[in-house]
Every structure is written in C-alpha cells, then in structure tokens.
Amino acid sequence: MHHTSENQPNFHFKPWNVGRILIWGLYALVLLVAPLLWTSSFAQTMLSQMGIAIIVCLAYNILLGQGGMLSFGHAVYSGLGSFLAIHALNKVGAGSLGLPVSLVPLVGGLGGLLFAALLGYVSTKKAGTTFAMITLGVSELVWSMSLMLPEFFGGEGGVSANRVVGEKVLGISFGPQIQVYYLIAIYCFICTAAMFALTRTPLGRILNAVRDNPERVEFIGYSTRRVRYLAFMISGFFAGISGGLAAVNFEIVTAEVVGAARSGAYLLFVFLGGATFFFGPILGAVLMVIALVLLSELTKAWLLYLGLVFLLMVMYAPGGLASLLMMNLRLAAFGKLRRLWVAYLALGGIGLAALTGVAAMIEMLYHMQLNAALGPQLKFMGAQLNTHGVDSWAGAIFLTLTGAALFELTRRHFQAQWGEIQEDIEKEIKRREAIST
Amino acid sequence: MLSSGLTLIFSMMGVLNFAHASFYMVGAYAAYTLTGVIGFTASLVVSPLLVGALGALFERTALRRVHKFGHVPELLITFGLSYVVGEVVALVWGRSPLTFDPPLWLQGPAFTIVQSAVRGLSVVAGAAPAELCSGVGDACTRFPMTRAFMALVALGMLASLWLLLTRTRIGLVIQAALTHPEMAEALGHNVPRVFMLVFGSGCALAGLAGVIGGVTFVTEPNMANIGPIIFAVIVIGGMGSLSGAFVGSLVVGLLQTLPLTVDANGVDVFRHLGLAIGPDSPLFPLLRIKLSETAQILPYLMLVLILIFRPKGLLGTRES
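So the protein lines, in turn, are chains A and B.
The numbering of the first sequence is the numbering used here, which starts it at 712 and goes up by one.
The numbering of the second sequence is the numbering used here, which starts it at 2 and goes up by one.
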C-alpha cells in the first residue's frame, strides 16, 4: 500500500508491476509448454478439457465469488452456447455460413450472451436464496425443453459435427488435437485476461460491493439489479465461449451439457478451488478435469470422496484451496513457514493414515456391492484386502480410529501454533507500519 | 399430496435444505430394511425417528458451524450432503430398485368407483365384486389403498403441524426462534437447540414421507430427484407458510397431471383459428409440442413466473 500525503508534488510515476507480468508470463508459458511436456494424445485431450473448464469456472466465479450469486444452472449458458456453436459448425460444413472454425467459439459466446440476457433478466431480479431457486427453476426448464425439442438439441444422440471444414487459415485445419489445443489455449488466455481486467473496472468493483453490501450500493445510486444483470450477461458470454470451444473440441454435443449434474459440478469445483480469489477457479477447473477423468477411472467411489471433501471444505476452509494456499504464502512471506513444517508433516501423515483406513472400508463396501462376483479379494494401494476377512475390516477400523484420534490431538496443537504465528504476523505488520510512517 | 407433508417444516426452517430429498430417500431405505426386522407398522414410526436423529446430528455437527457464515454456505453444505447421502445409499443398498411392497393391509384398492350403465355412478369400499364391473357399459376405477393412506397421513401431518405451530407454546417458541433469534435467546430459550430440533423434525417428516413414498412409488437411488419439484411447491405456495405449502402442492400436482389429459398442441389451436400451420412455418417445432408433453416443465415455468410477479408466493408471508 502506498500512502500519498498532501504535501508531495502531484507527480505520478508508475513502475512496471514486475510481479504481475511475471505471473501472466508464467501462465502463458504453462499454456504454451504443457502439450510439449505431455505429448500423449490422452494428455492433450485432458489439457484441452482443462482449458475449456478454466474459462467456464472463471465465468461462473464472476457470479459466485465476485457477485455473491449462487447459481444452480450455469450449465444452461455454456450448454446452449455449445449447441449454437455446433449448429454454426454444421452450417460452415454445409457451406451456408462463411466463418472460419477458429471463430466458431465466439458464436457460442454470443449465444451464451443472448440466453443470459434473456433468462438473466428474470433471474437477477432477486438476490440470495431466491436467485438460487430461480436459476434452479430455469435450469430444470431448459433441461426439460432439451428433451422436447429434438430439432435443436438432437434428442438422445445429440448433435455431431465435423470441425475440419471451411477454408484453411494459415494452413491450420484443426484436424490434429494439438491445433485445437492451441486454439483453446489462446481463447483461455484471452478470456482469463479479460475476466481479470473486468475485476479492475468500476463494474467489477461495484459488483463486489453488491455482494458485500447491497443496501449501501443502492444508497450511492446504483441499481444492484442492473449490476447483477450486467455481470450475469458477461458471465454467460464467457460460459458460452467455453461451450463453443467444447463443441469444436468434442465435435458432438449431447443434451447433458445443460443438465443439473453439470451445473452442480461447476459449483462444486469452483468452490473447491476457491471462490474468494481470482485464480481459485483455475485450480478448481484443473481439479475438475482430473477428478472427472482420472479419479473416476481409479475408483468407483469417487463421487462419495468428492462429496466428503466438499463437506469438509465448506465446514473448515470456506475459502477453498486458493485461500489455503494464500494463507501459507503469507506465512512464507513473513518467514514463519519453517516453524510449521513439522506440524504439517505430522498432520499430513496422520491424516493420510486415517484416510487410508476410511478409503479401505469404502473400497471394500463398494467391492462387495458391485464386484461380488469377482470374489472377496481386492487390491487396494498394493495390499490385498479380503472383504469377508475379519482382519481386513479390523485393520481398517483400527487405522481409522487411531488415525482420527491422533489427528484431533495434532490438530489442536497445530491450531494453537497457527494462532500464535498469526498473532506474531499481526504484530510484525503493525511494527512495519509504525516504521514506514 | 406427498410433497405437502414434505415441505411443511422445510419452509418453516428458513434454511433451504438441498438434502431434504435425500432424507426422504433415506427414510424409504431405512423403512425397507426395518420392515424385514420389525414389520412395517413399527418401521413407520421408527425410521422417521431415525432419519430425524440423523438430521439433528447433521445440524449439530455441520450446519451449525457454517450458520454464522450466512445463507450461501448453508445452501452449499446441504448441497454437498445430498451428494454424500446419494452415494452412501447407493453404497449400502445398491443402485437397482428394491422391491418394497406395502403390507397386506395397504395392498389392493381403497375404494372403487363403479360406473354402471344401469345404476349410474356409485362408490364401493374395497375392491368391487367382479360382476359389477363385467357388465356391458360398466367400468370400474380402483383407487389404491396406498394413495388413500398417503393422503390421510399428509392431511393428518398438516393438521397436527398447524395445531402445534399456531396453538401451542412450543410453536410460539419455534416461531420466535426463527424470526427473532436474539430476542428468544434473551428470554431464556436455547435457540441452537430449537434449531436442531426443528431441523431434526423436518428431516423426520421427510423420512415419514419417504416411508410412504417408498411403498407407493419405487425405492431407488434416483428417488431423490424430486428435490427440484419440492422447491417449486414451496416457492409457489409461499415460503414460510404452512397453508401455502398445502396450496402449492395442490397446484403443482394439478399442473403435472391435468395437461396429461389434453392431447392438443399449438398447431391445433391455430387450425381452430383458421390459420394453416405447416412444418415450414416459423416456430413450428415449438408449436408442435403437445400440451400433454409440457406437463414436465409447467411446475418450473410456474416457479419462475411466481418468482417474477409475486415473489412472496401465493400465500406467503415472508419475502425471500
């Protein structure tokens, strides 16, 4: 924070913000280099999906994190954008629309904007719980409509298209996945930058004010409703772009992209990533793709784990992963992280043991439920477990109980230490302020 | 009728409970298991209590902790719970539908409406004798016992809740704790405990609805999908209003069933007006939809319209 006092000459010198340039440069570099490090086609598909997810999660966070609007139907806008984009792609393929494929996602974005303008006019009349319910109702409406209008939504099978159509621009045909990846990466970077820029505009600032104290915003002469409406449309636009990219990427769009499960996933992962920080949803998006693709391969119980993690997160770390990260960065900035690493190690180790016990039990239960025909044996983290054997169950229960008890003990100790350090930091901040003035 | 019972406490709680449908499901499954052990009649009492205890436990351990953060985390935590409950239920009882048959005294029709060519309409208790229905021009409509029982329980629930909330001291304390928590606290009532008990009993009612819903409809992991429709019921009826919940459930029930009997679509309407509509006309796909097909979306359409034009709901007292 810079304090400019009255007697200084009115002279502005704006240094380059090195930190910011570094971060954005790194972000661009990661986007650029990622497919060169992970070259398998599976990895590239996943990276593409991550790019798409990053845009939609950031778009969702304009509502959730910055506007304090809990939407249960955001998949509607990305999904409808997807459908419009795939229809546009088909038109390009049929020759009736002269649009390069690289601009097709924009069609999705405009579609998202259009529907957000239409449906958002209704939704943003209210805030808080009522807003959540309206979005839920709108989402159910669109979902039911998708089954009724097979001309547009393609019924059960969805709408498919071919992305290798139209004129080649600079020799790029979008046939190979890598070219699509870079298209997504470029869109992702531009959208991220645009959405970050939005947080710095008066609109973005007043949106935060609407979240924090709507009454005062009304007092200073803004219509909270109009601010919410504008934010909703912008969010719909970016969600639509991500939907359009998804249409180009997968070349097929089914009705499930507007479904409630998709909306729920956006909500879940934006929250897990951290809605309070701008970069939180990016973490959430990466997690989302990893969880949906990898975790569901790894274990049948992934939805249960996800729900449990979500519950714990809401209860103990409402800021999400991003806030946990930033808290520890703050410790590191004050050079206090060293004091905690033993406690972290203990917490992590014991927590992991307890989780292993819980996971072993869950896995055994799932095994009994689903794979009973394959016999009572299952492999879990390299160990053989027997769902009929007493020793496996007793072991898992013992592990869980001891782990939980020890965890609680260490947690109390940790909490005391954490509080101490926070106090030290507060003192340090006060001291620095005293010196600087 | 079922959702009327389900929504009553729910709309009183002030906390929008996304997991309510999950408690409904747990009620059905718990009753399924308990019926095998202690019989249906006993499980009709025990499993709601069990679900209520679970609900109270959840309120005590999780919901209370986020209560101070405001409405959004409250919504979120119940949302997360609905995921967990859905998975746990699938884990314990499997993903396929269970055969949860009603007990003997709930099987068969409650009464039969006999439409006779000779004697006109008449109502016979229980199943009508075969000779009444087999004649020329005779028709019998059987009304199943389970539905009658459901209606009976829902009405009983409504009446007793209404009495409890408006005519007793307990109801007074509950209402005070919900609207003016600090004041109630100052008067010496344990507000957190009141919240816990209200939440618990709300869940117990959901559990009771689940038991009856389980025997009447199917018992399967997808049965928690009634969640959104309950929201529609509450909003249409008006939040925080018992009679509103009742009216809302009637409206939603009618909206869902009445259009099924009409087999016309927009094209027919225009044809009546003398306008020819073909597949080439604008908006043809929209007009082609039959009214009976829109039964699915009408409650949600109503929900959205109500929220726009009368956010209090039909009989509501509180705004949002």
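Idealized CB from N, CA, C, for every residue including glycine.
Beta-carbon proximity of residue i to residue j, cut-off 7 Å
| i | j | result |
| --- | --- | --- |
| residue 1015(A) | residue 88(B) | yes |
| residue 1032(A) | residue 1005(A) | no |
| residue 1025(A) | residue 77(B) | yes |
| residue 1058(A) | residue 1121(A) | yes |
| residue 35(B) | residue 48(B) | yes |
| residue 847(A) | residue 783(A) | yes |
| residue 1(B) | residue 52(B) | Residue 1(B) is absent from the structure shown; chain B starts at 2 and stops at 321. |
| residue 819(A) | residue 781(A) | no |
| residue 308(B) | residue 901(A) | no |
| residue 765(A) | residue 899(A) | yes |
| residue 249(B) | residue 313(B) | no |
| residue 1150(A) | residue 800(A) | Residue 1150(A) falls outside the range modelled here, since chain A spans only 712 to 1148, and no answer is possible. |
| residue 252(B) | residue 230(B) | no |
| residue 67(B) | residue 75(B) | yes |
| residue 728(A) | residue 981(A) | no |
| residue 364(B) | residue 201(B) | Lying before the first or after the last residue shown, residue 364(B) is absent from chain B, which here runs from 2 to 321. |
| residue 869(A) | residue 964(A) | yes |
Straight-line Cα distance separating residue j from residue i
| i | j | result |
| --- | --- | --- |
| residue 199(B) | residue 175(B) | 8 Å |
| residue 894(A) | residue 753(A) | 17 Å |
| residue 1115(A) | residue 906(A) | 42 Å |
| residue 1034(A) | residue 918(A) | 21 Å |
| residue 1073(A) | residue 1012(A) | 7 Å |
| residue 182(B) | residue 71(B) | 14 Å |
| residue 812(A) | residue 1142(A) | 58 Å |
| residue 1068(A) | residue 1019(A) | 15 Å |
| residue 41(B) | residue 842(A) | 41 Å |
| residue 945(A) | residue 770(A) | 8 Å |
| residue 171(B) | residue 153(B) | 24 Å |
| residue 1000(A) | residue 941(A) | 29 Å |
| residue 828(A) | residue 850(A) | 15 Å |
| residue 93(B) | residue 968(A) | 30 Å |
| residue 778(A) | residue 1038(A) | 23 Å |
| residue 196(B) | residue 18(B) | 13 Å |
| residue 837(A) | residue 73(B) | 14 Å |
| residue 234(B) | residue 1063(A) | 44 Å |
| residue 1106(A) | residue 1071(A) | 9 Å |
| residue 730(A) | residue 767(A) | 26 Å |
| residue 82(B) | residue 162(B) | 26 Å |
| residue 861(A) | residue 867(A) | 8 Å |
| residue 301(B) | residue 976(A) | 22 Å |
| residue 717(A) | residue 912(A) | Low per-residue confidence applies at residue 717(A): pLDDT is 48, beneath 50, and the placement is therefore not dependable, though the value from the model is reported in the following sentence. Answer to the nearest angstrom: the Cα atoms are 26 Å apart. |
| residue 1056(A) | residue 1129(A) | 14 Å |
| residue 740(A) | residue 751(A) | 19 Å |
| residue 938(A) | residue 832(A) | 11 Å |
| residue 986(A) | residue 855(A) | 30 Å |
| residue 1075(A) | residue 1109(A) | 15 Å |
| residue 1054(A) | residue 1047(A) | 13 Å |
Per DSSP, the bridge partner or partners of residue i
| i | result |
| --- | --- |
| residue 99(B) | 220(B) |
| residue 871(A) | 963(A) |
Identity of the residue in the options nearest residue i by Cα
| i | options | result |
| --- | --- | --- |
| residue 746(A) | 1049(A), 755(A) and 1145(A) | 755(A) |
| residue 1125(A) | 1050(A), 1113(A) and 1146(A) | 1050(A) |
| residue 315(B) | 247(B), 255(B) and 254(B) | 247(B) |
| residue 785(A) | 834(A), 1063(A), 865(A) and 1041(A) | 834(A) |
| residue 1133(A) | 1041(A), 852(A) and 767(A) | 1041(A) |
| residue 761(A) | 787(A), 966(A), 997(A) and 840(A) | 997(A) |
| residue 44(B) | 205(B), 231(B), 256(B) and 297(B) | 205(B) |
| residue 734(A) | 1111(A), 1030(A) and 989(A) | 989(A) |
| residue 933(A) | 1043(A), 751(A), 916(A) and 943(A) | 916(A) |
| residue 1045(A) | 962(A), 1137(A) and 1022(A) | 1137(A) |
| residue 1193(A) | 943(A), 983(A) and 749(A) | Outside the shown range of chain A (712 to 1148) lies residue 1193(A), about which nothing can therefore be said. |
| residue 298(B) | 311(B), 310(B) and 254(B) | 254(B) |
Heavy atom of the ligand GDP within 6 Å of residue i beta-carbon
| i | result |
| --- | --- |
| residue 851(A) | Absent from the structure shown: the ligand GDP. Ligands present: none. |
Three Cβ pairs or more, each shorter than 8 Å: is that satisfied between the segment 790-801 of chain A and the segment 954-965 of chain A?
yes
With a cut-off of 8 Å, do at least 3 Cβ pairs link the segment 967-978 of chain A to the segment 919-928 of chain A?
no
Are there three or more Cβ pairs, one per stretch, closer than 8 Å when the segment 207-223 of chain B is compared with the segment 23-33 of chain B?
yes
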